[in-house]
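Engineer:
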Amino acid sequence: MAVERIDTDRCIGCELCFKTCYADVYRMDREKKKAVVKYPEECVLCCWCIALCPVDAIVFTETKTVPPMTSWG
Ligand code: SF4
Ligand code: SF4
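When you read off a place in the sequence shown, starting at 1, and then add 374, the result is the number in the working numbering.
Take a look at the structure:
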């Protein structure tokens with residue numbers, strides 16, 4: 375599973391996903407007031423953005439995979 379795109383018909387531009395994602399996946403389109411999945415390859419599948427989005431606008435796929443997180447310790 376991985377975050378794939380934003381359903382722009384649903385997104386209300388609240389910025390919760392953008393402010394919450396510590397993996398820097400999102401950017402805000404300030405003109406359209408919508409979130410954009412800018413760096414999907416950075417997603418570590420914590421699912422915070424999906425849980426917080428108030429309108430279920432975050433589209434994710436169950437087939438796409440990402441490399442596992444690497445510990446630097
Ligand atoms: S699942 Fe986690 S890492 Fe992936 S985009 Fe959402 S908040 Fe960022
Ligand atoms: S949390 Fe949902 S509604 Fe808010 S900006 Fe992100 S995708 Fe849009």
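C-beta atoms are modelled at their ideal positions from N, C-alpha and C, and glycine is treated no differently.
Note that the structure is a prediction, hence the values are computed from the model and not measured.
Below 9 Å between beta carbons: does that hold for E378 and V429?
Structural biologist: Not a contact, by the Cβ cut-off of 9 Å.
Engineer: For K408, report the span of its beta strand (DSSP E) as first-last.
Structural biologist: Taken as a continuous stretch (DSSP letters only), the beta strand (DSSP E) holding K408 covers K408 to V411.
Engineer: Check whether the Cβ atoms of K412 and Y400 sit closer than 9 Å, and answer yes or no.
Structural biologist: The answer is yes: Cβ separation under 9 Å.
Engineer: Within the continuous alpha helix (DSSP H) that includes I432, where are the two ends?
Structural biologist: Here I432 belongs to no alpha helix (DSSP H); instead the beta strand (DSSP E) covers I432 to T435.
Engineer: Which two residues bound the contiguous beta strand (DSSP E) that contains I380?
Structural biologist: Its beta strand (DSSP E) spans residues A376 to I380.
Engineer: Restricting to Cα atoms, I'd like to know which of A376, T435, A431 and T382 is closest to E405.
Structural biologist: When each option's Cα is compared against that of E405, the closest is T382.
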